[in-house]
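Scroll down for the structure; my scribbles are underneath it.
There are 2 protein chains.
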Amino acid sequence: MTISNTPPSARGILLFAHGSRDARWREPVEAVARSVIAQDPTARVACAYLELVEPDLPTAAGALIAHGARSIRVVPLFLGMGKHVREDLPLLIEQLRTAHPAVDFSLAPAVGEAPEVIALLARMALKN
Amino acid sequence: MTISNTPPSARGILLFAHGSRDARWREPVEAVARSVIAQDPTARVACAYLELVEPDLPTAAGALIAHGARSIRVVPLFLGMGKHVREDLPLLIEQLRTAHPAVDFSLAPAVGEAPEVIALLARMALKN
């Protein structure tokens, strides 16, 4: 049996959202980050944005790595499945892998693809 | 006791999303609409988009009204709380109320404001 020397906190979670000129746009993204910490106080989580809001993905990934992350799961907080998620994001992940070959990057499905998210949004639409 | 002549189906649900040039962008929106019907087969539901995808909000609302909807709940499928949700959408709702004074329009909170959505997205971010 091998016991890993890697602590659980060596895994980082990067919440990736679109961004907006509007300063309040990112409030729900930051709320998700707080909820991640509330559900798992050992989690290392950061937010990153495609455009118009800092930090971008390389900056946020670099910060997680500087704090010891050796694997990073990128979670696209996108409801719509457009070019940003299907084309831009995989390219960004490849650039991260090239820049940090020792770090294990994984790309989660966009949240809008998850059946449990779809079902919850439908339940909310049916509320009175 | 008053018994309403209005059938339950006189209530329409309008799922309102941003829109994108990308044809596949609306797939999750349409999946939410299908889930609404699956959860309540009597529901009348339509999708509408702020830009780049047809139909727009007035067109979709008009179709629901033409099919008998006498009240319409507009549900913003937006995660981020930007200008579109805080400023554009209330103006669009006012225009709908002016155009259809006999119809009762209500505006649900954006889904990104809902604690249960935030918590679910955090649980998904923590998945392996």
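As they're listed, the protein sequences go chains A and B.
Heads up, the first sequence is in my numbering, so the first residue is 1 and it goes up one at a time.
Heads up, the second sequence is in my numbering, so the first residue is 1001 and it goes up one at a time.
The beta carbon of each residue, even a glycine, is placed where N, CA and C say it ideally should be.
At a cut-off of 7 Å between beta-carbon atoms, residue 95 of chain A makes no contact with chain B. Pairing residue 18 of chain A with residue 57 of chain A gives a Cβ-Cβ distance that is not under 7 Å.
Listed along the chain, the chain A residues whose CB falls inside 7 Å of the CB of residue 1036 of chain B are 122, 125, 126. Here residue 1045 of chain B carries a strand assignment [DSSP, helix/strand/coil]. When Cβ pairs closer than 8 Å are counted between the two stretches, the region 1101 to 1109 of chain B is seen not to touch the region 38 to 55 of chain A, the count staying below three.
Using beta-carbon distances, residue 102 of chain A does not count as an interface residue toward chain B, since no partner is under 7 Å. Shown here for residue 1053 of chain B: same chain residues with a beta carbon closer than 6 Å to its own, the five before and five after excluded, namely 1019, 1026 in chain order.
Excluding its 5 nearest sequence neighbours in each direction, residue 1032 of chain B has C-beta neighbours in its own chain below 7 Å: 1015, 1077, listed in chain order. Counting only residues of its own chain and dropping the five nearest sequence neighbours on each side, residue 85 of chain A has a CB closer than 6 Å to the CB of 76, 78, 110. Among the CB atoms of chain A, one or more fall inside 7 Å of the CB of residue 1022 of chain B. In chain order, 1020, 1021, 1022, 1024, 1025 make up the part of chain B whose C-beta sits under 8 Å from the C-beta of residue 82 of chain A.
Rounded to whole angstroms, the gap between the alpha carbons of residue 1112 of chain B and residue 1118 of chain B is 7 Å.
Non-local C-beta neighbours of residue 1087 of chain B in its own chain, meaning closer than 6 Å and more than five positions away in sequence, are absent. When secondary structure is reduced to three states using DSSP, residue 1096 of chain B falls in the helix class. The shortest CA-to-CA distance from residue 1021 of chain B to any of A:128, A:103, A:83 is the one to A:83. Short of 7 Å from the beta carbon of residue 30 of chain A, and not among the five residues preceding or following it, lie these beta carbons of its own chain, in chain order: 47. Residue 1070 of chain B carries a coil assignment under DSSP once its states are collapsed to helix, strand and coil.
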